[in-house]
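Peer 1:
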Amino acid sequence: MSDFDSDVVDPVRIDNLNQENRTFAPTPEFARQAFAQPGIYDEADQDRLAFWDKQAQRLNWTSPWSEVLDWSQAPVAKWFVGGRLNVAENCLDRHLANGLGERVAIYFEGEAGDTRAITYAQLHAEVCQAANALAALGVGELDRVAIYLPMIPEAVVAMLACARIGAVHNVIFGGFSADSLSSRINDAEAKVVITADGGFRRGKELPLKIIVDEAVKLTPTVEHVLVVQRTKSDVEWFEHDLWWHEQLAAQPAEHSAQSFDSEHPLFILYTSGTTGKPKGILHTTGGYLTQAAFTHAAVFDLNPDTDVYWCTADVGWITGHSYVVYGPLANGATQLMYEGTPDTPHRGRWWELIEKYRVSIFYTAPTALRTFMKWGDELPAGFDLSSLRVLGSVGEPINPEAWMWYREVIGHNNCPIVDTWWQTETGAIMISPLPGVAATKPGSAMRALPGIGIDVVDAEGTHVPDGVGGYLVLTEPWPSMARGIWGDPERFIETYWQRYAKQGFYFAGDGATRDLDGDLWLLGRVDDVMNVSGHRISTAEVESALVSHPRVAEAAVVGAKDDVTGQGIVAFVILRGENNVDADTIGAELRNHVGQEIGPIAKPRQIMIVQELPKTRSGKIMRRLLLDIAEGRALGDVTTLADPAVVQLIASGMTTADDA
Ligand code: WTA
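Reading the sequence shown from the start, the letters are residues 1 to 660 in this note's numbering.
#1: Under a three-way DSSP split, which group does Y120 fall into?
#2: From A512 to L520, what does the alpha carbon distance come to, in whole angstroms?
#3: Assuming E543 contacts A560 (C-beta within less than 8 angstroms), just tell me the rounded distance between them.
#4: Across the stretch 135–145 and the stretch 160–172, are there enough close Cβ pairs to call them in contact, namely three or more that are closer than 8 angstroms?
#5: C415 by DSSP, collapsed to three states: which one?
#6: Using the beta carbon as the reference atom, which residues fall closer than 7 angstroms to any heavy atom of ligand 1, ordered along the chain?
#7: Measuring alpha carbon to alpha carbon, tell me which residue in G504, D510 and E612 is nearest S72.
#8: Can you tell me which of A112, G619 and G568 puts its alpha carbon nearest to the alpha carbon of T341?
#9: Within 8 angstroms, do at least three Cβ pairs link the stretch 260–280 to the stretch 229–246?
#10: My output table needs one value for E109: the three-state DSSP class, helix, strand or coil.
#11: Can you give me the C-alpha to C-alpha distance between A402 and A136, rounded to a whole angstrom?
#12: Just tell me which of L269, T364, T285 and G287 has its CA closest to the CA of R279.
#13: For S177 versus E597, is the C-beta distance shorter than 8 angstroms?
#14: Which two residues bound the contiguous beta strand (DSSP E) that contains R48?
#15: Just the Cα atoms here: how many angstroms apart are G287 and L266?
#16: Confirm, please, whether the CB-CB distance from R605 to G568 is below 8 angstroms.
#17: Specify, as a first and last residue, the run of the alpha helix (DSSP H) that A196 falls within.
#18: Near G577, which residues of its chain fall below 8 angstroms by C-beta distance, leaving aside the five closest residues on each side in sequence?
#19: Could you spell out the range, first to last residue, of the beta strand (DSSP E) harbouring L474?
#20: Taking buried to mean at least 16 other C-beta atoms within 10 Å of its own C-beta, is G484 buried or exposed?
#21: With DSSP as the reference, label Y357 as helix, strand or coil.
#22: By DSSP, does M373 sit in helix, in strand, or in coil?
#23: Check whether the Cβ of I172 sits closer than 7 angstroms to any heavy atom of ligand 3, and report yes or no.
#24: Along the chain, where does the alpha helix (DSSP H) containing I431 start, and where does it finish?
#25: Going by the CB atoms, is the gap between A196 and V227 shorter than 8 angstroms?
#26: Per DSSP, H535 is paired with what?
#27: What is the DSSP secondary structure of F4, counted as helix, strand or coil?
#28: Y357: which of E109, F294 and A163 sits nearest, CA to CA?
#29: Please say whether H255 and C128 have beta carbons closer to each other than 8 angstroms?
#30: Does DSSP classify Y326 as helix, strand or coil?
#31: Bridge partners for V147 per DSSP, in chain order?
#32: Among residues of its own chain, excluding the 5 on either side of A50, which ones have a beta-carbon nearer than 6 angstroms to its beta-carbon?
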């Protein structure tokens, strides 16, 4: 595990944050009708477990629980002990029984403009067919199913079908390469892969099936590949391949769902850690669904009868799991799902979709907002955005400028903004203003949700005073917390629980500070995890991809500040052999190599060819100095370097290849 990088908590930034004195209270009309009222905090403070007990009752359970929380095996929690339920039944059948079968669950809009409106009854029928089809292929309880799909409704169907039969899904983002895909399939030992011939992205076809064909050559556990027909392009066909539509058509549209224990595994989702090997974060059933559903209703002020909700996240990330699939569907929401990129066929596409579907709740990432800011205010001004009433942000700290732009240009000063902090490991939102309660500040995530315990502490775990930077910790177990790392219980403890074992705190890996009003500001990662456009990528992963190239002797990677993507990947590379190379040529080659090894999201923004790397006497690369160089700052403390002259050498002797 990496050391603390205490410099990351930047005192200058904290000073600036403490000067932020703009606040925006909800209108009295909004506050009056809001799902969450101010009393909710006191209620949770008085009896935290009773509060979660009440939230769990939002769901349908076939057997009640005997105990809300069993923490005796900490840090592996059991929530709603002994309770039984079926997640898919809660997301579908329950709404049909309540007479909501004809309500639209998903408005789907393909990038090319093809549309589908799928009612809860139709979604239910498809999920039943898919559940039957998976069962017919021999997929049973606890078997793992890898899902590698574009943003199409079949992704939701596939996930719910797994949940329905108690299989464990492992969704892999469609931007990952064949190598990343096969390693995730192998780690989870998946029996079936669900993919598509392709998807549409930026006017081109994303050739998913070709990537799967390559990946499954290396995955001995995979018995079948189910292929959704999306682009209808020619694909190579293998013995293990089956068409999704044929398998579903052969099955009845009824399936009686069995219930599972509250702690039955629901899914594994891989995320980057501080080493090269991604972690399979494990989530279970009852607690996860309780917190996903509660937070989706409370944070977004959902009124399922009238709202049209849109979360722009891909199902390949945790946001897509909790706030495209499980939260909204458990709540009976109507939502928009869009396949493509925001700039296809034109840069106003998202705003056009908000106008078309009268979207009222919109949830996106700061990196997207900053991109739109760059594209100009005329674009959103050309569409009717008056249906919007709540705006959400997730994935990285939102800078006050982007926050104000969101409020003014998109929300027309009418919509509360909820800046939501959480992680793959937390499963659901942990820190966020409640939109009818909080007077929000541009850039602050404000406070912990009711029922959630947080603190900002120093390296020893001592609470730091307001106005001082420190490390964010979660002080109490919560229902949607990860139950472990798939196949690696030791790493689960080491990564999150060891550092503050004495206090029993969960270490989040983020820096934070409370301002003098006690409101919380997130300051970014304090470990070797970068956040590029809201995607977590570890420096170690990119470094190991770089050194796997025959020309690379050594590599060090840092996440440098980037106006649009939050952080950009900057790699310092020492080449083998001949050094009189054209930096642009080798830079392009290395970037492509990283794209092949991990996926396009991990391609460095900039590659610097250097002769040496700054190291401490014990041989540890000093990333902080590389970050100073990458961000063009004066060099920090060099006294612990084995050879202080080396940084001058780097700064003066490097050749750089920038991303075109
Ligand atoms: C960062 C995404 C500041 C943070 C849901 C966290 C944020 C990591 C915010 C988790 C936010 C997420 N403000 N930082 N509102 N939301 N982060 O697992 O560094 O993809 O640790 O989950 O994103 O990323 P993950």
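Glycine is no exception: its CB is placed at the ideal position from the N, C-alpha and C atoms.
Quick caveat, the model's predicted, so the values are computed rather than measured.
Peer 2: Looking at the coordinates:
#1: Correct three-state label for Y120: helix.
#2: As the crow flies, the alpha-carbon of A512 is around 7 angstroms from that of L520.
#3: Their Cβ separation, rounded to whole angstroms, is 15 angstroms, which puts E543 and A560 out of contact at 8 angstroms.
#4: A contact exists between the stretch 135–145 and the stretch 160–172.
#5: Three-state result, C415: coil.
#6: For ligand 1, the selected residues are T271, W317, I318, T319, S393, V394, G395, E396, P397, I398, D419, T420, W421, W422, Q423, T424, E425, A445, A508, G509, D510, L522, G524, R525, N531, G534, H535 and R536.
#7: Cα-wise, what sits closest to S72 is G504.
#8: Comparing Cα positions, the closest option is A112.
#9: Touching, no, given that fewer than three Cβ pairs across the two stretches are closer than 8 angstroms.
#10: For E109, the secondary structure class from DSSP, reduced to helix, strand or coil, is strand.
#11: The straight-line gap from Cα to Cα measures roughly 50 angstroms.
#12: In the sequence as presented, Arg is not what sits at residue 279; that position holds Lys. Checking every option, the nearest Cα to that of K279 belongs to L269.
#13: Yes.
#14: Annotation: R48 is outside any beta strand (DSSP E); the continuous alpha helix (DSSP H) that includes it extends over R48 to A56.
#15: Taking the straight line joining both Cα atoms gives about 11 angstroms.
#16: In contact: G568 and R605 (Cβ atoms closer than 8 angstroms).
#17: Run containing A196: none in the alpha helix (DSSP H); it sits in the beta strand (DSSP E), V192 to A196.
#18: The beta carbon of G577 sits closer than 8 angstroms to the beta carbons of R551 from its chain, once the five residues preceding and following it are set aside; these are given in chain order.
#19: Start and end: G469 to L474.
#20: It is buried - the Cβ of G484 has at least 16 other Cβ atoms within 10 Å.
#21: DSSP places Y357 in helix when its eight states are reduced to three.
#22: Per DSSP, reduced to three states, the secondary structure at M373 is helical.
#23: This structure lacks ligand 3; the ligands present are ligand 1.
#24: That residue, I431, is in no alpha helix (DSSP H); it is neither H nor E in DSSP.
#25: Going by C-beta atoms, V227 is nearer than 8 angstroms to A196.
#26: Residue pairing by DSSP puts H535 in a beta bridge opposite V532.
#27: With a pLDDT of only 46 at F4, under the threshold of 50, the placement of this residue in the model should not be trusted; the figure read from the coordinates follows. Three-state result, F4: coil.
#28: Selected option, being the one with the closest Cα: E109.
#29: It is a contact, given that the beta carbons lie within the stated cut-off.
#30: In this structure, Y326 counts as helix in the three-state DSSP scheme.
#31: Looking at the sequence provided, one finds Ile at residue 147 rather than Val. Residue pairing by DSSP places I147 opposite V171 and I194 in a beta bridge.
#32: Around A50: no qualifying Cβ.
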